[in-house]
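Engineer:
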Amino acid sequence: MILEPTDALLVIDVQNDFCPGGALPVPGGDGVILPLNRLINRFETVIYSRDWHPDDHCSFSLDPQFMDGSWPVHCVQDTPGAEFPFALRVPLDAVIVSKGTDPNKEAYSAFQDTDLKNILASRQIQRVFIGGLALDYCVKETALDARRAGFEVYVVEDATRAVSEETGRQAMEALKAAGVRFCFSGEIK
Ligand SMILES: [Zn+2]
């Protein structure tokens, strides 16, 4: 796949709390950094999303059940857990969209209550390539919303990880059914 100026890379929620040692670690989550760093250099448009919660966010629970959408406290605004990992390449002029900022609303998709759609439209983007964390939640919902918005969508398989193997598999099926394609970072030239 040869990149065009109308392609964008979406780096979803690669944050300390979702990496090993964080509050809500995705198994092998830091493994997405290397393939993403390589891609970040190649794309003209790279947009980062971050989970950016107030400390009383509705998804937080002291007894989190995970599958039902209750999670341990994570990615609280202006805390180290919400920061991008040091190893992730983030240019000084990076475009960052913050989601989950409303205490009463969960937001898995980077399109939800953000400017992402307008940002992509203003740059005449047609294809989006998506990587980051986690495949079975925020990457999945972002990819589905991107399809709904009319983009050609690729999830970069080696640049994402799932919270669990089972939900990861289910997510891939749901995405394929929605017309989302999968590729590997090495195929993107
Ligand atoms: Zn969250």
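When we follow numbering that gives the first Met the number 0, the leftmost residue of the sequence shown carries the number 0, and every step to the right adds one.
Quick reminder that beta carbons are idealized off the backbone N, C-alpha and C, glycines included.
1) Report the rounded CA-to-CA distance for residue 151 versus residue 128, giving the unit in angstroms.
2) Sorry if obvious, but does the Cβ on residue 74 come closer than 8 angstroms to a heavy atom of ligand 1?
3) If we call anything under 9 angstroms between Cβ atoms a contact, is residue 138 one with residue 32?
4) Specify the secondary structure class of residue 192 as computed by DSSP and reduced to three states.
5) Just list the residues that DSSP pairs residue 97 with in beta bridges.
6) Am I right that residue 56 and residue 102 are in contact with their C-beta atoms under 8 angstroms? What's the rounded C-beta distance?
7) Comparing the CB of residue 105 with every heavy atom of ligand 1, is any distance shorter than 8 angstroms?
8) Examine ligand 1 and report whether any of its heavy atoms sits within less than 8 angstroms of the Cβ of residue 130.
9) Grouping DSSP H, G and I as helix and E and B as strand, with all else coil, what is residue 154?
10) Run through DSSP, which three-state label would residue 81 get?
11) Please classify residue 90 as buried or exposed, where buried requires at least 16 other C-beta atoms within 10 Å of its C-beta.
12) Give the straight-line distance between the Cα atoms of residue 7 and residue 76, rounded to the nearest whole angstrom.
13) Using 8 angstroms as the Cβ pair cut-off and three pairs as the minimum, do the segment 106-117 and the segment 78-89 touch?
Structural biologist: Reading it off the structure:
1) Straight-line Cα distance between these residues: approximately 9 angstroms.
2) The answer is yes for residue 74.
3) No, the pair does not count as a contact, with Cβ atoms beyond the cut-off.
4) For the chain, the structure presents residues 0 to 188; residue 192 sits outside this window and is missing.
5) Answer is 49.
6) The pair is a contact, with the Cβ atoms about 5 angstroms apart (cut-off 8 angstroms).
7) The answer is yes for residue 105.
8) Taking 8 angstroms as the cut-off, the C-beta of residue 130 does not count as close to any heavy atom of ligand 1.
9) Secondary structure of residue 154 (DSSP, three-state): strand.
10) Residue 81: helix per DSSP, three-state reduction.
11) By the 10 Å Cβ count, residue 90 comes out exposed.
12) Distance between the alpha carbons of residue 7 and residue 76 is about 26 angstroms.
13) In the pairwise beta carbon analysis, the segment 106-117 is classified as not touching the segment 78-89: fewer than three pairs are separated by under 8 angstroms.
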